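Colleague: For the record, the sequence lines run as chains W and A.
Position one of the first sequence corresponds to residue 1 (this note's numbering), numbered consecutively onward.
Position one of the second sequence corresponds to residue 483 (this note's numbering), numbered consecutively onward.
Quick reminder that beta carbons are idealized off the backbone N, C-alpha and C, glycines included.
Small disclaimer: the values here were computed from a predicted structure and weren't measured.
There's a structure below that I have some questions on.
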Amino acid sequence: MTTQKNLSLPDRIWKFFASVTLAIILIAALALTSIVGTIIEQNAGYEKNIKVLSTFVGEGLAPAAYRIFDAMGFMNMYHSWWFLTLLSLFALNLTICSIDRLPRIWKLVTDPMIPLKENVLRNLAIRKEFTVSASLETAQSATEQVLKGHGFAFNTAPEDGGGTQVFGQKGGYSRLGVYVVHGSILVIFVGSIIGGIFGFKGGLNLPEGATSDVVYLYGSGSQVPLGFEVKCNWYETEFYGSSDQPKLFKSELSVIENGQEILRKWIRVNDPLVYKGVTFYQSSYGPISSPEDGYFVFTANTPGVENETIWAKKNQPFQIPGTDIFATVVDFSPALGTNRQTGQLYTYTSSMNNPAVKMVFTREGKETLKPGWIWKRWPQTGKLTDEITLDFTHYWGAQFTGLQVRKDPGVWLVYLGCTLMSIALFVAFFMSHRKVWVRIESDRKQTRVLLGASASKNRHSFEKAVDKMVSELTVKSEGGNS
Amino acid sequence: MSSSDLFNISTFAYIAAMVAYIAYLVFRKNGIGYTATGITILGFLGQTAAIIVRWQESFVQWMRFSPDTSFLLAISRSAPLRNLYESLVFFIWSMIVIYLVIEFVYKNRSLGAFVTPIAGLALAFIEMSGMSKDISPLVPALQSNWLIAHVLISFFGYGAFGVSYATANMHLILETDDKKSPSYLFWAVTFAAFIWCIFIMLAKLSLYPPVMGADGREIPVQPPVSFWIGGAVVYAVLLGLVWRLGLSLKKVFRFFALSTDILDDITYKAIAVGFPLLSLGIITGAIWADSAWGTYWSWDPKETWSLITWFVYALYLHSRLMRGWKGRKTAVLALIGFISVIFTYLGVNLLLSGLHSYGGG
């Protein structure tokens, strides 16, 4: 502390950024300010946050509070200048603090061990003293075997009084664990900065059959060219049993470059498509407001005809293959249900949860069969006669697939940082630098052993290991003697 | 036996274990101690069996909807970690696991008298609260192995933090003599708040259960102001009780031969286990979000609160290991950490979602 006054300015700045006190202040500041951003909804607009603020300060003060918070950047606080400054200071603190300490720690890890004097040895946290009925040489080789068996790198040095000292260490690198944790945080920061600068995040609602060579950025809505085209060939929702709860939604996408199809893949939630660093995630779906160009897709099974696909338009009759019957789609419902009380059919939602088509059938210009509805999810409704089945399989071109599109050249660094952190946390908390010194000297016909040991942490479990080593040592040296 | 019967058995076992642990502490007979541990293990096995039965039921359901999935995939997709009910049950289960490990390592049974009643009462409350116990099929975004890893790891971390909370509380009680001292007041306020949170959460769920939205997501229902006024009254009563009775617990702890050193050590060890698990939980959660939506971090309230929790425990570790803080100061940080855990787990869903527009419907 007395030298503090004589420090040069750069040294003082260095000391300031290397201090744990600064780290504690910064971590506390980050934690406290982060809370505000979870209460004020981020990027939510005036109306929503006025409501939030009203619950805290009352309706009268809410607009004023809003102006204050808005001016301080709290409406998008995690990207505000002051939050980014806090994060940068945190990164700087982390870097300088680690650089400041690393040489000392490195020395602890790499410095060769030296034998200890008896009085130093006796002051160690863990110590054991015992005699074995074996010669000094036998006890020494037993000690070396035990240390080797426990993974210690060891040396032997003669003692002044004619005895010998075996000393070894292991796990020295575990002292570096905490610095790797710090480093991994920086790697994650760098990865996210690279992603923020060189990447983009956008969305794209692509109707079935449509192609796009741009995506729309979130927030600004501006277009970003992809450099290739992406096409949605097919979109499909699957439901759990007969419920309306989606089990799966998936789209078949094609990547087209210079008019050539390069790649074709079914994507689903948790299973995206990646091409040239751009990833397409299945994120939502929805109906197209006016799907005039849509096709009703049927599969026909009639005598002599197996699984023939038919694409039909509304109000345009088509011949059911293998028969002389013409069928026409006259009506469509995206979700046709039955009213429990009246028994009447009605459309219960605009999303395509239970699509059905109303069909009329003619033979030689006259109505034949009973007109009626065919449901996609109830295939038995497509059984027109014992021999003729007309399954309604899809209404193509009536829905869009909602894609989230992301380009992030820094994400691999983020993953690298996460992996490093996972490993280093384990090392930092559960491994320790363990040292052991064993002094062996002749005591008349027996051999006296003085063992001292220290661990950088988790002394309790090292003590157990030392107990085990002691009993092994005794057994080995006395077993060798008999 | 149904999973509900098994849960009831383990509820009774945990409460019986509490009685046995207290009897052990009073009479100090080893036989009673072994009995207490035995009953706890029995309750634990019952709960494990209940979880397995539930898992098996949802496995059958999954196979009915998706008969073409492989065995392992179906096992993973039907893991009983899908809703609040299942996650609370798993939370209690992992707390008991961690407690049993500590009992085994430290050869000290006194903590059992505090952990088993929490487990038993929480299980009983969950069963009675009327929260949805349906085995609901997974929405597409939840069909990910990363999610399973995320939930498993996070809850073991929460369990470890739960233990550190118990020992830090006991530590603070042991260190204070004065009911008006700041740390005692802090202890009383937070402990009452903790009990209140559990109570208010279950009351809210049973009186105002969430409704299912069109997209299959649960939309919380905001209770009227009178509910919160009642809640405030309940809190005041709780605080009064805890404040009045807290100090008498001190004699009890002394009786159990618990020293502040042991408590400080267990608190640290529990956090040393919990912190890496929390980190891994955040990482696996980020990987899951990245594979589902292409965003590994979006500063949503849940993510941010998990980070805040991470910061608080980072503060605990740095102040203890680097600044040499000990005793009361670090115990207070450990309490704040667990409050943050509970807020991350429950508060974000119950309070913040109510505040924000997506909870208004």
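(1) Residues of chain A with CB closer than 7 Å to the CB of Phe249(W), please, in chain order.
(2) Do the stretch 25-35 of chain W and the stretch 795-803 of chain A meet, that is, are 3 or more Cβ pairs less than 8 Å apart?
(3) Grab the span of the beta strand (DSSP E) containing Gln525(W) for me, first residue to last.
(4) State buried or exposed for His484(W), treating a residue as buried only when at least 16 other CB atoms are found within 10 Å of its CB.
(5) What are the residues in the stretch 792-822 of chain A lying within 7 Å of chain W by C-beta distance?
(6) Under the DSSP definition of a beta bridge, which residues are partnered with Lys358(W)?
(7) Curious, which full-length alpha helix (DSSP H) runs of at least 4 residues does the stretch 592-652 of chain A contain?
(8) Go through its chain and collect everything with a Cβ distance to Gly756(A)'s Cβ below 6 Å, but skip five positions before and after it.
(9) How would you label Ser8(W), buried or exposed, when you count the other beta carbons within 10 angstroms and need 16 or more for buried?
(10) What is the rounded straight-line gap between the Cα of Ser688(A) and the Cα of Ala604(A)?
(11) How many angstroms separate the CA atom of Ala556(A) from the CA atom of Pro115(W)?
(12) Give the single residue among Ile388(W), Thr401(W), Thr211(W), Ile320(W) whose Cα lies nearest to the Cα of Gly286(W).
(13) Is there contact here, the stretch 763-780 of chain A with the stretch 403-415 of chain W, by at least three beta-carbon pairs under 8 Å?
(14) Tell me, please, whether the stretch 616-625 of chain A touches the stretch 550-567 of chain A by the rule of three or more beta-carbon pairs shorter than 8 Å.
(15) If we define contact as Cβ-Cβ less than 8 Å, is Thr649(A) a contact residue for chain W?
(16) Thinking C-alpha only, which one of Thr302(W), Leu22(W), Ala428(W) is nearest Leu390(W)?
(17) Pop quiz: Arg268(W) and Lys247(W) are said to be a contact at Cβ under 8 Å. What is the actual Cβ separation, rounded to whole angstroms?
(18) Which two residues bound the contiguous beta strand (DSSP E) that contains Tyr778(A)?
(19) By the three-class DSSP mapping on this structure, what secondary structure does Phe547(A) have?
(20) By alpha-carbon positions, which one of Leu420(W), Ile440(W), Arg459(W) ends up nearest to Phe430(W)?
(21) Report the residues of the stretch 701-719 of chain A with a CB closer than 8 Å to any CB of chain W, ordered along the chain.
(22) So is Leu425(W) in contact with chain A if we call contact Cβ pairs under 8 Å?
(23) At a CB distance below 9 Å, what residues from the stretch 547-577 of chain A approach chain W? Give them in sequence order.
(24) Please compile the residues from chain W whose C-beta is within a distance smaller than 8 Å of the C-beta of Ile765(A).
(25) Can you grab the Cα-Cα spacing for the pair Lys117(W) / Leu451(W), in whole Å?
(26) Residues of the stretch 40-70 of chain W in Cβ contact with chain A at a cutoff of 7 Å, in chain order, please.
(27) Counting only Cβ-Cβ distances shorter than 8 Å, please list the residues of the stretch 660-683 of chain A near chain W, keeping chain order.
(28) Quick check: the Cα distance between Glu501(W) and Trp266(W), rounded to an integer number of angstroms?
(29) Over what stretch of residues does the alpha helix (DSSP H) that includes Asn93(W) continue unbroken?
(30) Does the CB of Leu740(A) have a neighbour CB from chain W at under 8 Å?
(31) By Cβ distance below 8 Å, which residues in the same chain neighbour Asn315(W) in space, the five residues on each side in sequence not counted?
(32) When the cut-off is 8 Å and only beta carbons count, does Ile790(A) lie next to chain W?
(33) Roughly how many angstroms lie between the CA atoms of Val449(W) and Glu129(W), to the nearest whole one?
(34) Would you report the Cα separation of Gly479(W) and Leu473(W), rounded to the nearest angstrom?
(35) Candidates Asp443(W), Gly397(W), Ser184(W), Ile96(W): which alpha carbon is nearest Arg12(W)'s?
(36) Which residues mark the beginning and the end of the beta strand (DSSP E) in which Trp783(A) is found?
Modeller: On the basis of the data shown:
(1) Residues of chain A passing the Cβ test: Pro622.
(2) yes
(3) The structure shown has nothing for residue 525(W), since chain W only spans 1 to 482.
(4) For residue 484(W) there is no data in the structure shown, the boundaries of chain W being 1 and 482.
(5) Phe793, Val794, Ala796, Leu797, His800, Ser801, Met804, Arg805
(6) Asp331(W), Trp373(W)
(7) Taken in chain order, the whole alpha helix (DSSP H) runs of length 4 or more contained in the stretch 592-652 of chain A are 594-610.
(8) Gly639, Ala642, Phe643
(9) exposed
(10) 15 Å
(11) The straight-line gap from Cα to Cα measures roughly 59 Å.
(12) Of the candidates Ile388(W), Thr401(W), Thr211(W), Ile320(W), the one whose C-alpha sits nearest the C-alpha of Gly286(W) is Thr401(W).
(13) yes
(14) yes
(15) No, its Cβ sits nowhere closer than 8 Å to a Cβ of chain W.
(16) Thr302(W)
(17) Not really, about 10 Å apart at Cβ, beyond 8 Å.
(18) Under the DSSP assignment, Tyr778(A) falls outside any beta strand (DSSP E); it carries neither an H nor an E label.
(19) helix
(20) Arg459(W)
(21) Cβ contacts with chain W come from no residue of the stretch 701-719 of chain A.
(22) Yes, because at least one Cβ of chain A sits closer than 8 Å to the Cβ of Leu425(W).
(23) Phe547, Ser548
(24) Cys418, Met421, Ser422
(25) 12 Å
(26) Glu41, Gln42, Lys48, Val52, Thr55
(27) none
(28) Look at the range of chain W in this structure, 1 to 482, and you will see that residue 501(W) is not part of it.
(29) Following the DSSP letters along the chain, one finds Asn93(W) inside the alpha helix (DSSP H) bounded by residues 81-110.
(30) no
(31) Thr328, Val329, Val330
(32) yes
(33) 6 Å
(34) Cα atoms of Gly479(W) and Leu473(W): separation of roughly 10 Å, rounded to the nearest angstrom.
(35) From the listed residues Asp443(W), Gly397(W), Ser184(W), Ile96(W), the smallest Cα separation to Arg12(W) is found for Ile96(W).
(36) Residue identity check: residue 783(A) is Pro in the sequence provided, not Trp. For Pro783(A), there is no enclosing beta strand (DSSP E); the enclosing alpha helix (DSSP H) covers residues 783-803.
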